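Student:
There are 2 protein chains.
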Amino acid sequence: MAELQREQPPSRHATNWFLNDDHLRIINSQCLDAATALRHQSLLTDFKKTLDFSPATCSLAQLASNSTQWVDKQVTLHGYVGARRVANKTLVFAELHDMSLTSIIQIVSSVTKNVDSISRPHDLLRDLEQHTPVVIQGTVKGRQAPKAGQSSKDESKPMIIAGVEIKLDNITPLNAFPKDLIVTSDTVFSPEKRHLQIKHDKSIRDALIFRSKVSRFVRDHLADNHGFEEFETPLLFKSTPEGAREFLVPTRNPGFAYALPQSPQQYKQILMASGISRYMQIARCFRDEDLRADRQPEFTQVDLEMAFASDEDVMRTVEDTVKALWEKMLPGAALSEAFPRMTYAEAMSRYGSDKPDVRLGSEIRRVEYMLPVDLVSKIGPLSDPIVEVMKVAISDDPATTRKFVSTFMDSPEAASFISNPEGQPGISVCDSRKPLQGLQTFGFEAAEQLEETLDLQDGDLVVLQARKNAAFAGGSTPIGNLRLALHRFACKQALLPPHDPQMFEFLWVTDFPLFTPTSIEPTEPGQGGTTGLTSTHHPFTAPKTAADVDLLLEAPLEAKGAHYDLVLNGVELGGGSRRIHNSLMQEFIFRHVLGMSDERVGNFRHLLEVLRAGCPPHAGMALGFDRLVAVMLGRESVRDVIAFPKSGRGEDLMVGAPTRMSDGQMRTYGLQMAAKV
Amino acid sequence: MAELQREQPPSRHATNWFLNDDHLRIINSQCLDAATALRHQSLLTDFKKTLDFSPATCSLAQLASNSTQWVDKQVTLHGYVGARRVANKTLVFAELHDMSLTSIIQIVSSVTKNVDSISRPHDLLRDLEQHTPVVIQGTVKGRQAPKAGQSSKDESKPMIIAGVEIKLDNITPLNAFPKDLIVTSDTVFSPEKRHLQIKHDKSIRDALIFRSKVSRFVRDHLADNHGFEEFETPLLFKSTPEGAREFLVPTRNPGFAYALPQSPQQYKQILMASGISRYMQIARCFRDEDLRADRQPEFTQVDLEMAFASDEDVMRTVEDTVKALWEKMLPGAALSEAFPRMTYAEAMSRYGSDKPDVRLGSEIRRVEYMLPVDLVSKIGPLSDPIVEVMKVAISDDPATTRKFVSTFMDSPEAASFISNPEGQPGISVCDSRKPLQGLQTFGFEAAEQLEETLDLQDGDLVVLQARKNAAFAGGSTPIGNLRLALHRFACKQALLPPHDPQMFEFLWVTDFPLFTPTSIEPTEPGQGGTTGLTSTHHPFTAPKTAADVDLLLEAPLEAKGAHYDLVLNGVELGGGSRRIHNSLMQEFIFRHVLGMSDERVGNFRHLLEVLRAGCPPHAGMALGFDRLVAVMLGRESVRDVIAFPKSGRGEDLMVGAPTRMSDGQMRTYGLQMAAKV
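Chains as they are written, first to last, in this note's numbering: chain A, 128 to 804; chain B, 128 to 804.
(1) Mapping the DSSP letters down to three states, classify B/ARG794 as helix, strand or coil.
(2) Near B/ASN547, which residues of its chain fall below 6 Å by C-beta distance, leaving aside the five closest residues on each side in sequence?
(3) Kindly indicate which three-state DSSP category A/GLY290 falls into: helix, strand or coil?
(4) Starting from B/TRP635, follow its DSSP beta bridges and name the residues at the other end.
(5) Using a Cβ-Cβ cut-off of 8 Å (strictly less than) and excluding sequence neighbours within five positions of A/LEU190, which residues of its own chain qualify?
(6) Leaving out the 5 sequence neighbours to the left and right, which residues in its chain are closer than 7 Å to A/LEU388 when beta-carbon positions are compared?
(7) Would you say the beta carbon of B/SER646 is closer than 7 Å to some non-hydrogen atom of the ligand PLP?
(8) For the stretch 739-752 of chain B against the stretch 295-309 of chain A, do three or more pairs of beta-carbon atoms, one drawn from each stretch, fall closer than 8 Å, so that the two count as touching?
(9) Report the three-state DSSP secondary structure of A/MET788 (helix, strand or coil).
(10) Starting from the C-beta of A/THR528, find all residues in its chain whose C-beta is less than 7 Å away, skip the five residues before and the five after it, and write them out in chain order.
(11) Report yes if the C-beta distance between A/ARG610 and A/MET536 is below 8 Å; otherwise report no.
(12) Looking only at its own chain, which residues have a Cβ that is under 7 Å from the Cβ of A/VAL728, when we skip the five neighbours before and after it?
(13) Between B/SER437 and B/ARG794, how many whole angstroms is the CB-CB distance? I'm expecting something under 8 Å.
(14) Does DSSP put B/VAL516 in a helix, a strand or coil?
(15) Counting Cβ pairs, one atom from each stretch, are 3 or more of them under 8 Å apart for the stretch 370-381 of chain B and the stretch 426-440 of chain B?
(16) Whose C-beta lies closer than 7 Å to the C-beta of A/GLN277 among residues of the same chain, with five residues either side of it excluded?
(17) Please classify A/ILE403: does DSSP put it in a helix, a strand, or coil?
(18) Return the chain-ordered ranges of every beta strand (DSSP E) run that is complete within the stretch 439-495 of chain A and spans a minimum of 3 residues.
(19) Could you check the C-alpha separation between B/LEU721 and B/ALA461 for me, to the nearest Å?
(20) Which residue from A/GLN324, A/ASP692, A/ARG739, A/PRO391 puts its Cα closest to that of A/GLU359?
(21) Provide the residue span of the beta strand (DSSP E) that contains B/GLU432, from first to last.
(22) Quick one: measure Cβ to Cβ for A/GLY607 and A/GLU549, integer angstroms, because I've assumed they're closer than 8 Å.
(23) Does the beta carbon of B/MET226 sit closer than 8 Å to a beta carbon anywhere in chain A?
(24) Give me the Cα-Cα distance between A/LEU619 and A/ARG443, rounded to the nearest whole angstrom.
(25) Would you call the stretch 565-573 of chain A in contact with the stretch 627-643 of chain A, where contact means no fewer than 3 C-beta pairs closer than 8 Å?
(26) Closer than 8 Å, CB to CB, is B/MET793 near chain A or not?
(27) In angstroms with no decimal places, state the Cα-to-Cα distance between A/ARG468 and A/PRO483.
(28) Cβ atoms of A/LYS687 and A/LEU816: under 8 Å apart, would you say?
(29) To the nearest angstrom, report how far apart B/ALA573 and B/ALA593 are at their CA atoms.
(30) Tell me, please, whether the CB atom of A/ARG419 is closer than 8 Å to any CB atom in chain B?
(31) Give the single residue among A/ALA371, A/GLU446, A/PHE383 whose Cα lies nearest to the Cα of A/THR423.
(32) Does the Cβ-Cβ distance between A/ILE263 and A/LEU218 come in under 8 Å?
(33) Reducing DSSP to helix, strand and coil, say where A/GLN799 ends up.
(34) Should A/GLY602 go down as buried or exposed, given a rule of 16 or more other Cβ atoms within 10 Å for buried?
(35) Between the C-alpha atoms of A/ALA801 and A/LYS326, what's the straight-line distance to the nearest angstrom?
(36) Decide yes or no for the touch test of the stretch 746-756 of chain A against the stretch 335-354 of chain A: beta carbon pairs closer than 8 Å, at least 3 of them.
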């Protein structure tokens, strides 16, 4: 009980005359309150100063376009403070940048009076942080032309307006620009600072504006020349897996969810069945995929569909639109009169790819018939393989080519080719100073034949690759991938010239197999059924000809689809197909060719129902819009033409999305975290 | 052990000579297989016949526009079989409808030969189900002009092409039209059959095409006349509740989700901070709300934002665009030179609504000063109320008006007004044959004053309503709602004429209070903070004037926001505001005015960060696009201008969305159903 006797802490309401801790705390907090109030008052005061600002008399571009007519006029201009030069205490030059980063005008402030007297505009022009948004009031004055170098037409840099400058009367800062943000013309900002990148990197700004103009042109051209109207289709759709994994959107009806569409495919087919004759939409689409190969979880496509139309009608319409688009937006580029066409089988055999980059040359040929039997048996573990060969003209000096080969083979890029289970590539270098021109491995006869067939020159690389003797499936063959890798590597090493940015090699690839063995492609959620077949594109694609229809019963893997891809410079811009417009036929494909369960077929009940109601034949296409714009501008990544792209992990690093769901949010949707297994 | 001796069942491989059950089963299933195979073969055969069909020579519209030039030409036409008339065994007439439901041409088939001989085209034309999609081949023939009545220009009906008809050579059906679907010109289909409604209801088709043209015009006008470009902003955004509840999109990172945006508000502000000068987007937006009042969980808005701009700049731009849009799309309508403006306080006091329908007249006035004290105390439970009065000119016959009043008061529409806790409305009918013109309740003096002020005539309805003596808050007052209800009811009873569809009364409503007491509006998730204040629109709205900034510290409820609504015929088309462009000011509003927690403020870190980086002043607006199109076309519901609207319960009844999440889907997203509490 002794503990109860210990000294009591001072009472909260003690009346001793000296200040206790509580008093100090109260006074302290009152001081803090006073400081906070002062701070608030000051920020409100600062904000008030920026509430009323004069509208601009004109933009800098307007001033630039006819500068002399403005001389001696009073103007108000909006913009950002740029580089400054303080000549002396009485004379300051500063640049004013406009918002579009295209024009700069020089602002001059000179104070002739006693330099000790206060000139707030003068001081502000001298002292404001660069990049501060301001309103400038002043008088337009004639000016000696700037040095010749500055008026050069480099479109990526803003142009300084020659001939006039602004004599400063007043300047009003409209916001602060913090000292801790460092911006130079070369700064590459982290994705968290996307706003600074867009603000200071003219190439991104230009790409976004280009993108806007492309979308307007495509809409207008399809409407004015081909009778399309734009129809908006729902984004809160239902889960009907036809390819990639779908994002779900839970509803407050517990256990129920919408799905975000991978494309407007089903709704546009419903529109065709609804008597719409020409549908188009620049549509947002969603895929919850692992983001390999420069893909985004949300992307935009130019989507179109035509009733009473065949594959030919769609290809003609798209080809015309693409040509008109290039003519309008890239007038310097020359396109072939009609885009060449190639079947899938031809593309795969000649280029080892279903989206061949025909600019590269290096066509692939089958050569197993001309090779010595022992060579064929040596180049890989396969018995009776197909053997293919291609030439890559790396250099005209065999030594350079040999060095290139060994560098390449030591690089990580070569790893997948060396470990190819069908055998690694056999590489020779043509060299006239060596026996059989360096093609000894081939034996005398084959070496001679190859030299002639491939028109071999000194320094040419000759690549030999075996593959299984089977029909093509999938998007590429190892030798096709190697073709691209060797060219890319040689470009990086400056052995091959970079691509001409004005060179656009379009190509239609057609006659894809309608189905692919499920084992070839990585199994996507919901694709295919129980028969081991997967739709190569989607299960709504029609067989190409009557003969292909007949193959469905006996040899569905041999049936060709009425599908077509538009390929440009080795990039798939988009694809389309004639669709199955007959309900019974569609159900037959679902059930008997793909082996879908009743439940899976039930997911498509709405589609079968609308096809049943006298749906006309129809065909359509979708062009990847992000990719289209990127290729037009020669950008490597779609991220360069999207204002706010997601990272490789699907995150918007600037706003910080996605975020952790709160308990309350989960509760709203009747959900909780799954128990760990 | 006796049981082991029981008779063995017949062996599966028993060789007895008679057929056992197994045999029957096998034979049966072989027959079934054969039947199935036959059925499959037949459906494939049918499908093959529709694979190749000839392209159309021209559309019916092209044929109609210059029909004589086609006479005696062979043509191929696409369309749907319409009404038929079988004159006799050798002569059939049928209509061919085009896809756009605008033109019809007559097809004639006559067989001159022995009628027993087979003429497949003739038989098909006679027998095909109406609405079957077909290819017609035939010869254009001159034709006597049809009866005068048929060429009348009723745009809602397709027009029969006069002067020519098609002599049938061949007809190919491209799909079946099932007999169980009954379609007449008046059928109203259930939402499950939206495709049939779109196909057969020309008014919906026309609305969707009109919608497409409106969106193109708005884009083009903003680009060509005001320098806007369209920027696409992400739909996979993050949860930052600023108003309505957001839909969430779970990711495969367990517990993490994107949110679908309520509007591109934050991204467009980021674009302003990124140096973009004029942003626009026709953007999809999402709200997980209870769908009162003709709202959709996903909707489209015309969204725009301008840098270095004030509220006036935005209002001018939108007003110009809207006027140009009306001029282009509704050339008959006359709009006022400049849209009138009205403050929120004025709109609430004169019309009892923040989106007044000024077409109705019936202005509201305060009259408590002129009423006898005992009357004021009688009309409701409030002490010292505001009392308002309005006149509704129902009829010029007092008896008719009295009947209207009693019908209205007995209707469900009146219930909320009768149960108004601030007192029920006092209703009198002006009647010169009664003492004090029927206004006895008001007493002699007030009755006389009222009669003069309201310019009362026989049969006018006079409505008196009390309300609390307090500042306006929220969107309407009871008397304002009663004003609308009485007019609506009188229109339904044909006592007031329907609105002139060419009459468009635009109005800007401005000077809204920046904040609303949280108790006034139903609490939305995430709105407001701990101070009992909610942003009237959203927390990014700037105070209107310097005086309003000062009010933030002491009397925030009195501060006006730089917000403006565009109202048309009593419908809010959209709203916008000048935004807070200063990071410190924005944080001050979040923390100190709204009382948001650190966590809530943290949600907006990205916004504070971009405002901090020298963001210029900016202002913008969003117009509800579905609503805009509906009002332009005089449609009651946005559902009439959306291709695939959701039901009142947020369902797409045609495709059947939303659906139950499968266990696999839940597992993918690390979720499970919450345990029942």
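Even glycine gets a Cβ: it sits at the ideal position worked out from N, Cα and C. The model shown is predicted, which means the values in this text are computed figures rather than measured ones.
Tutor: To lay it out plainly:
(1) For this step, residue 794 of chain B is matched to residue 667 along the second sequence. Here B/ARG794 sits in helix by DSSP.
(2) Here residue 547 of chain B corresponds to residue number 420 of the second sequence, with the count starting at 1. Only PRO605 meet the Cβ criterion.
(3) Taking the first sequence and counting its residues from 1, one reaches residue 290 of chain A at position 163. Three-state DSSP puts A/GLY290 in a strand.
(4) Working through the second sequence from its first residue, we reach residue 635 of chain B at position 508. DSSP, once it has assigned bridges, lists B/ARG468, B/LEU693 as partnering B/TRP635.
(5) The count along the first sequence starts at 1 and reaches residue 190 of chain A at position 63. Once the five neighbours on either side are set aside, the close Cβ partners of A/LEU190 are TRP197, VAL202, LEU204, SER230, ILE232, VAL267, ILE288, VAL291.
(6) Locating residue 388 of chain A in the first sequence gives position 261, where the first residue counts as 1. Checking the sequence, you will find Pro at residue 388 of chain A rather than Leu. Within the same chain, A/PRO388 has close Cβ partners LEU362, PHE364, CYS412, PHE413.
(7) For the structure depicted, the ligand PLP is absent and the ligand set is empty, with no information on it obtainable.
(8) yes
(9) Along the first sequence, read from residue 1 onward, the residue named residue 788 of chain A stands at position 661. Looking at A/MET788 - three-state DSSP - the assignment turns out to be coil, as it is neither helix nor strand.
(10) Counting from one through the first sequence, the residue named residue 528 of chain A turns up at place 401. Only ILE521, SER522, VAL556, GLY586, LEU588 meet the Cβ criterion.
(11) In the first sequence, the residue the question calls residue 610 of chain A occupies position 483. In the first sequence, the residue the question calls residue 536 of chain A occupies position 409. Cβ distance not < 8 Å, so A/ARG610 and A/MET536 don't count as in contact.
(12) Counting from one through the first sequence, the residue named residue 728 of chain A turns up at place 601. Only GLU714, PHE717, ARG718 meet the Cβ criterion.
(13) Reading the second sequence from its first residue, position 310 is the one you call residue 437 of chain B. Reading the second sequence from its first residue, position 667 is the one you call residue 794 of chain B. Contact doesn't hold; Cβ gap of about 53 Å is too wide.
(14) On the second sequence, residue 516 of chain B is found 389 positions in, with the first residue counted as 1. The answer is strand: DSSP assigns B/VAL516 an E or B state.
(15) no
(16) Position 150 of the first sequence, counting from 1, holds the residue named residue 277 of chain A. Reliability fails at A/GLN277, whose pLDDT of 46 lies under 50, so the model's placement of it is uncertain and the value that follows must be treated cautiously. Result list for A/GLN277: ILE287, in chain order.
(17) Position 276 of the first sequence holds residue 403 of chain A. Here A/ILE403 sits in coil by DSSP.
(18) 468-470
(19) Your numbering for residue 721 of chain B matches position 594 in the second sequence. Your numbering for residue 461 of chain B matches position 334 in the second sequence. Near 44 Å, if we compare the C-alpha coordinates of B/ALA461 and B/LEU721.
(20) Your numbering for residue 359 of chain A matches position 232 in the first sequence. Looking at the Cα atoms, A/PRO391 is the closest of the given residues.
(21) Position 305 of the second sequence, counted from the first residue, corresponds to residue 432 of chain B. Unbroken beta strand (DSSP E) run through B/GLU432: 425-434.
(22) The residue given as residue 607 of chain A occupies position 480 in the first sequence. The residue given as residue 549 of chain A occupies position 422 in the first sequence. Contact flag wrong, Cβ pair sits at about 13 Å.
(23) Within the second sequence, numbered from 1, the residue matching residue 226 of chain B stands at position 99. Yes, contact with chain A.
(24) Translated into the one-based positions of the first sequence, residue 619 of chain A becomes position 492. Translated into the one-based positions of the first sequence, residue 443 of chain A becomes position 316. Just to set this straight, residue 619 of chain A is Lys in the shown sequence, not Leu. If you take the alpha carbons of A/LYS619 and A/ARG443, they lie about 37 Å apart.
(25) no
(26) As a working mapping, residue 793 of chain B is identified with position 666 in the second sequence. Closer than 8 Å: yes.
(27) Within the first sequence, the letter at position 341 stands for residue 468 of chain A. Within the first sequence, the letter at position 356 stands for residue 483 of chain A. Computed Cα separation, rounded: 11 Å.
(28) Not covered by the structure: residue 816 of chain A. The range shown for chain A is 128 to 804.
(29) The sequence position of residue 573 of chain B within the second sequence is 446, counting from 1. The sequence position of residue 593 of chain B within the second sequence is 466, counting from 1. About 16 Å.
(30) In the first sequence, the residue the question calls residue 419 of chain A occupies position 292. Answer no: the Cβ-Cβ gap between A/ARG419 and chain B never drops below 8 Å.
(31) For this step, residue 423 of chain A is matched to residue 296 along the first sequence. Before going on, a small fix: residue 423 of chain A reads as Gln here, not Thr. Nearest C-alpha to A/GLN423: A/ALA371.
(32) By 1-based counting over the first sequence, the position of residue 263 of chain A is 136. By 1-based counting over the first sequence, the position of residue 218 of chain A is 91. Cβ atoms of A/ILE263 and A/LEU218: not closer than 8 Å.
(33) Counting from one through the first sequence, the residue named residue 799 of chain A turns up at place 672. Strand at A/GLN799.
(34) By 1-based counting over the first sequence, the position of residue 602 of chain A is 475. It counts as buried.
(35) Locating residue 801 of chain A in the first sequence gives position 674, where the first residue counts as 1. Locating residue 326 of chain A in the first sequence gives position 199, where the first residue counts as 1. Rounded to whole angstroms, A/ALA801 to A/LYS326 spans 43 Å at the Cα level.
(36) yes
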